[in-house]
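Down below is the structure, laid out as structure tokens.
Numbering (this note's numbering), first residue to last: -8 to 357.
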């Protein structure tokens, strides 16, 4: 039986097509995935992301614990509210999950983990937290809405009291802050998964329908998982379970920039990554732009000539570019052009460096 977010009944009222996503009953679209995609690129759209899990980590040794848990280094978070993106690895260097961690204040952090891995993540984190005296609290009492697009910040902050509005508008990218409304239990962050500006807003679950309705009245368009996927793909952002998993290291997933191998940062999986880097990373994640007519999807074979073969990990028609694009894991020696098996035909594709689109504009040559 699928789980439901507190906004589920509202999705039904708005005519959403609901699908099972990682065990959650979630909106795929509200009529037109294409229009929802363009709304985020050109104006403002909102997504119910309450299926994602906030996890609070507290304790005097919380920083020490998270430095051991994550491949990125939370010691770099020195200003309250600052966030970073990181992978959480197993001993073999495989990605257990990718997440965002916020530094709230000394000894207090908040993680936001993926819905499909939340229970596994909590078990992994909890089993290791005790040794550091850290407490782990799953915040299932919170719900979250992502408001994204060039007009998203203005639409969202216009709903806040003056003090909170000023605080939210002052946020730099990858910063978050508690808000005064709802007895200080609301939290807003300038983060997202679309390649556009905007906020992710956490509120107590009992207040999320009111927030959704106020955003709707302010002209923010409801958007579903379909548009969220094409937006994040255009932005070159990995999807856990597609572009990386426990069998894939960050070095093979285009995420080497999230790994800190500085002296003194001894995290789970470090030795495996050091060994892989020393031996030569055999695969890399690249972007593909289809040159022939067709549509790229995940799990299509990629032919890289003498370098060998790879596979698309995510693929779709990109509405902003009006072209078909993909992320693909290919041999390290892959050159500038490949062929992709699309329904039995080998179609030509150009290898490009993601992102494909940021802030509504193409980042690659078409």
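For glycine and all other residues, C-beta sits at the position ideal for the given N, C-alpha and C.
- Message: Counting beta carbon pairs with one atom in the stretch 21 to 32 and one in the stretch 228 to 242, are three or more of them shorter than 8 Å?
- Response: no
- Is residue 18 buried or exposed, if buried means 16 or more other CB atoms sit within 10 Å of its CB? Start at 1 with the first residue of the chain shown, and residue 18 comes out as number 27. Residue 18 should be labelled buried.
- Alpha carbon of residue 10 to alpha carbon of residue 217, nearest angstrom: The count along the chain shown starts at 1 and reaches residue 10 at position 19. The count along the chain shown starts at 1 and reaches residue 217 at position 226. Those two C-alpha atoms are separated by around 10 Å.
- Examine the Cβ distances between the stretch 87 to 102 and the stretch 183 to 190 and report whether three or more of them are shorter than 8 Å. no
- Query: Is residue 287 near residue 307, with beta carbons less than 8 Å apart?
  - Reply: Here the question's residue 287 lines up with position 296 in the chain shown. Here the question's residue 307 lines up with position 316 in the chain shown. In this structure, residue 307 lies closer than 8 Å to residue 287 by Cβ.
- Query: In three-state terms, what does DSSP make of residue 16?
  - Reply: Looking up residue 16 in the chain shown gives position 25. It is a strand residue.
- Could you pull out every unbroken beta strand (DSSP E) segment of at least 3 residues lying fully inside the stretch 111 to 154, listed in chain order? 126 to 129, 133 to 139
- Nonlocal neighbours in the same chain, by C-beta distance under 6 Å from residue 39, ignoring five residues either side: As a first step, residue 39 must be located in the chain shown, where it is residue number 48. Cβ within range, chain order: -4, -2.
- Task: Work out the CA separation of residue 182 and residue 133 for me, nearest whole Å.
- Result: As a position in the chain shown, residue 133 is number 142, starting the count at 1. As a position in the chain shown, residue 182 is number 191, starting the count at 1. Cα-Cα distance, rounded: 17 Å.
- Per-residue DSSP class, three states only, for residue 174: Indexing the chain shown from 1 puts residue 174 at position 183. Note: residue 174 maps to helix in three-state DSSP.
- Message: If contacts are defined as beta-carbon pairs under 8 Å, then residue 305 and residue 357 qualify, I think. What distance do you get, rounded to the angstrom?
- Response: Translated into the one-based positions of the chain shown, residue 305 becomes position 314. Translated into the one-based positions of the chain shown, residue 357 becomes position 366. Not confirmed; about 19 Å, so no contact.
- Query: Taking Cβ positions, are residue 35 and residue 140 nearer each other than 8 Å?
  - Reply: Along the chain shown, read from residue 1 onward, the residue named residue 35 stands at position 44. Along the chain shown, read from residue 1 onward, the residue named residue 140 stands at position 149. A contact, by the Cβ cut-off of 8 Å.
- Message: Just to check my reading of the structure: residue 323 and residue 273 have Cβ atoms closer than 8 Å, yes? What is that Cβ distance to the nearest angstrom?
- Response: In the chain shown, residue 323 corresponds to position 332, counting from 1. In the chain shown, residue 273 corresponds to position 282, counting from 1. Right, the Cβ-Cβ distance comes to about 6 Å (below 8 Å), so this counts as a contact.
- Message: My parser needs the alpha helix (DSSP H) runs of 4 or more residues fully inside the stretch 55 to 90; what are they?
- Response: none
- Excluding five sequence neighbours on each side, which residues of the same chain lie with their C-beta closer than 8 Å to the C-beta of residue 362? No answer is possible for residue 362: it lies beyond the span of the chain, which begins at -8 and ends at 357.
- For residue 353, which three-state DSSP category applies? The residue labelled residue 353 in the question sits at position 362 within the chain shown. Three-state DSSP puts residue 353 in a strand.
- Message: Let me check understanding here. Comparing Cα to Cα, which of 85, 138, 171, 144 lies closest to residue 154?
- Response: Position 163 of the chain shown, counting from 1, holds the residue named residue 154. Ranking 85, 138, 171, 144 by Cα distance to residue 154 puts 171 first.
- Task: Kindly indicate which three-state DSSP category residue 279 falls into: helix, strand or coil?
- Result: For the purposes of this step, residue 279 is identified with residue 288 of the chain shown, where counting begins at 1. DSSP places residue 279 in strand when its eight states are reduced to three.
- Message: Let's test the definition: count the other Cβ atoms within 10 Å of the Cβ of residue 203 and tell me whether it reaches 16, buried, or not, exposed.
- Response: On the chain shown, position 212 is the one that residue 203 refers to. Counting Cβ neighbours within 10 Å, residue 203 comes out buried, since at least 16 surround it.
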